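Step one of this worksheet: look at the structure below.
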């Protein structure tokens with residue numbers, strides 16, 4: 220009887236719609252809770268650098284502001300900006316490092332590639 224009930228609920232239109240909706244809207248990682256003190260310091264320096272040199276204005280707040288800042292900084296080929304971005308990456312938590320390695324922040328490739336994996340293969 221439980222198997223029949225289970226089979227009926229699997230094909231139910233509302234359940235199928237809920238599953239499809241979850242697949243369309245992947246949950247984004249919350250960045251703010253994972254910021255370290257040093258990572259926040261380098262993020263502030265990066266923000267100051269981008270604001271003073273390039274006049275960048277952040278439209279969003281919270282996690283979206285951080286994502287927007289990183290996406291903007293990735294596109295700039297300034298040595299100081301790239302240094303601060305690298306220092307932010309090195310001094311942030313492993314959760315954010317994993318996000319930066321996996322997220323497609325610039326074109327269709329992850330921003331930080333795992334070069335050690337490619338060298339071993």
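In the numbering used here, the protein residues as written are 220 to 340.
Beta carbons: idealized from backbone N, C-alpha and C, even for Gly.
Since the structure is predicted, the reported quantities are computational estimates derived from the model, not experimental observations.
Nearest-angstrom Cα separation, counted from residue 298 out to residue 284: On the chain shown, position 65 is the one that residue 284 refers to. On the chain shown, position 79 is the one that residue 298 refers to. If I take the Cα positions, the gap works out to 22 Å.
Coil, strand or helix - residue 297 by DSSP: As a working mapping, residue 297 is identified with position 78 in the chain shown. Note: residue 297 maps to coil in three-state DSSP.
Three-state class that DSSP yields for residue 281 in the structure shown: For the purposes of this step, residue 281 is taken as residue 62 along the chain shown, with counting starting at 1. In the three-state DSSP reduction, residue 281 falls in the coil class, being neither helix nor strand.
Sub-7 Å separation of residue 253 and residue 314 beta-carbons: The residue labelled residue 253 in the question sits at position 34 within the chain shown. The residue labelled residue 314 in the question sits at position 95 within the chain shown. Cβ distance < 7 Å, so residue 253 and residue 314 count as in contact.
Where residue 319 falls, given that 16 or more other Cβ within 10 Å makes a residue buried: As a working mapping, residue 319 is identified with position 100 in the chain shown. Of the residues assessed, residue 319 falls on the buried side of the cut-off, its CB having 16 or more other CB atoms within 10 angstroms.
Three-way DSSP call (helix, strand, coil) for residue 213 in this model: Missing from the structure shown is residue 213; the chain here goes from 220 to 340 and no further.
Alpha-carbon spacing of residue 303 relative to residue 310, whole angstroms: Residue numbering aside, residue 303 sits at position 84 when the chain shown is read from its first letter. Residue numbering aside, residue 310 sits at position 91 when the chain shown is read from its first letter. Rounded to whole angstroms, residue 303 to residue 310 spans 10 Å at the Cα level.
Nearest residue (CA-CA) to residue 295, options 251, 257, 261, 268: For the purposes of this step, residue 295 is identified with residue 76 of the chain shown, where counting begins at 1. Checked all of 251, 257, 261, 268; the closest Cα to residue 295 is 268.
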